[in-house]
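Here is the structure we will look at, set down as structure tokens.
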């Protein structure tokens, strides 16, 4: 079964998206075979039934005052028996976004903070991937926005390929291995927001409002007290891996008496470049006073909270932990420590095997040292 989105009625009826297939894979790599597929008569939900589970996609239409051609898709999984383990869900596999062809531009979001986020022409060939959300625009003030209201359960992507006068889009929630128990009311996955309009700025504001409502309603645990998002200075953006004590002192001074004064900056964050090795998160010779003194006598004394960046699962081959505890490292099928090449970090690294209880204990000890002994407020 495939689904489409149609706007208007009669002579004004216009198809916006068509031939969206719903596909689901289990963790073992097998694709779920739908035995039944149906849509409610009021158009408020779609239901897909297999031997292992039932997938119900609830359709929420935008209320008055919101962009007119806007829907939110809420997937619910009803497992049978003892539950299932999911790898990927595609609520729209190979769907056609009509009317976005050669003159279209696309907003692409990367998967993490160092990834580029940019607006660029939609290429004639090749796939374009955006994480979490994306926007297509074209001449004539036409805009299509797609984004996930939450990114809690899966890693969510949009893959786009130009197809003549249209654009094919595949929307995927990747879970790797998500165990879904059998729940009477269903197990909710990340909700998908789709909108068509003319003004991308207004549409983005509406999308942001939807994500904010979800966060306020769904995320806080009982007794959770929201607090203002902290503002701060990060050594990664200013000094890179060459960060030194002089850079931290300069940032503290700029916040107290210099260019940052009155900016509301509350946090000084020390990032990559301070450590002796990945895996050994002790401070190096550029900070002779050590972590504890840096936090207490420089950052806290200057009136700021202290934050520390680390990549807790990454281990340098020359690190102390790699030498003293080779059994902590993730092994390949050959039984040897499995090295990975990281373009972001630069170089080849091992990875901790967090399936081992002793590795988890080691990590707990590390974070306890960072927060209690060294005194950092954020990690």
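In my numbering, the protein residues as written are 101 to 479. Ideal Cβ placement from N, Cα and C applies to all residues, glycine included.
{"Query": "For residue 406, the first and last residue of its enclosing alpha helix (DSSP H)", "Result": "No alpha helix (DSSP H) contains residue 406, which is instead part of the beta strand (DSSP E) from 405–408."}
{"Query": "contact_flag[the stretch 184–203, the stretch 300–309] where n(CB pairs < 8 Å) is 3 or more", "Result": "no"}
{"Query": "Three-state secondary structure (DSSP) of residue 225", "Result": "coil"}
{"Query": "Host beta strand (DSSP E) of residue 148 (start-end)", "Result": "145–149"}
{"Query": "Three-state class that DSSP yields for residue 388 in the structure shown", "Result": "coil"}
{"Query": "DSSP beta-bridge partners of residue 245", "Result": "235, 295"}
{"Query": "Local conformation of residue 139 per DSSP, three classes", "Result": "strand"}
{"Query": "Pairwise C-alpha distance: residue 476 and residue 470", "Result": "6 Å"}
{"Query": "Check whether residue 237 and residue 262 have beta carbons under 7 Å apart", "Result": "no"}
{"Query": "Cβ neighbour criterion (16 or more within 10 Å) applied to residue 161", "Result": "exposed"}
{"Query": "Segment limits, alpha helix (DSSP H) that includes residue 121", "Result": "First-last for residue 121: 114–126, but that is the beta strand (DSSP E), not the alpha helix (DSSP H)."}
{"Query": "CA-to-CA distance, residue 460 to residue 480, given in whole angstroms", "Result": "The structure shown does not extend to residue 480, since the chain is modelled only from 101 to 479, so the question has no answer here."}
{"Query": "Identity of the residues DSSP links to residue 256 by a beta bridge", "Result": "273"}
{"Query": "Opening and closing residue of the beta strand (DSSP E) in which residue 474 lies", "Result": "Counting along the chain, residue 474 falls outside any beta strand (DSSP E), and DSSP gives it neither H nor E."}
{"Query": "Bridge-paired residues (DSSP) for residue 380", "Result": "377"}
{"Query": "Proximity test, residue 264 beta-carbon vs the ligand MG heavy atom, cut-off 6 Å", "Result": "With respect to the ligand MG, the structure offers nothing, as it holds no ligand at all."}
{"Query": "Segments of 3+ residues assigned as beta strand (DSSP E) that fall wholly inside the stretch 408–459", "Result": "448–451"}
{"Query": "Inter-residue Cα distance where the pair is residue 440 and residue 467", "Result": "24 Å"}
{"Query": "Three-way DSSP call (helix, strand, coil) for residue 200 in this model", "Result": "coil"}
{"Query": "Min CB distance residue 415 to chain B below 7 Å", "Result": "Looking at the structure shown, chain B is missing, and only one protein chain is on hand."}
{"Query": "Inter-residue CB distance, residue 149 and residue 134 (contact presumed, cutoff 8 Å)", "Result": "7 Å"}
{"Query": "Cβ-based burial, residue 313 [other Cβ within 10 Å; buried from 16]", "Result": "exposed"}
{"Query": "One or two residues paired with residue 218 in a DSSP bridge", "Result": "208"}
{"Query": "Three-way DSSP call (helix, strand, coil) for residue 290 in this model", "Result": "coil"}
{"Query": "Burial state of residue 272 (16 or more Cβ within 10 Å)", "Result": "buried"}
{"Query": "C-alpha distance - residue 375 paired with residue 394, whole-angstrom precision", "Result": "13 Å"}
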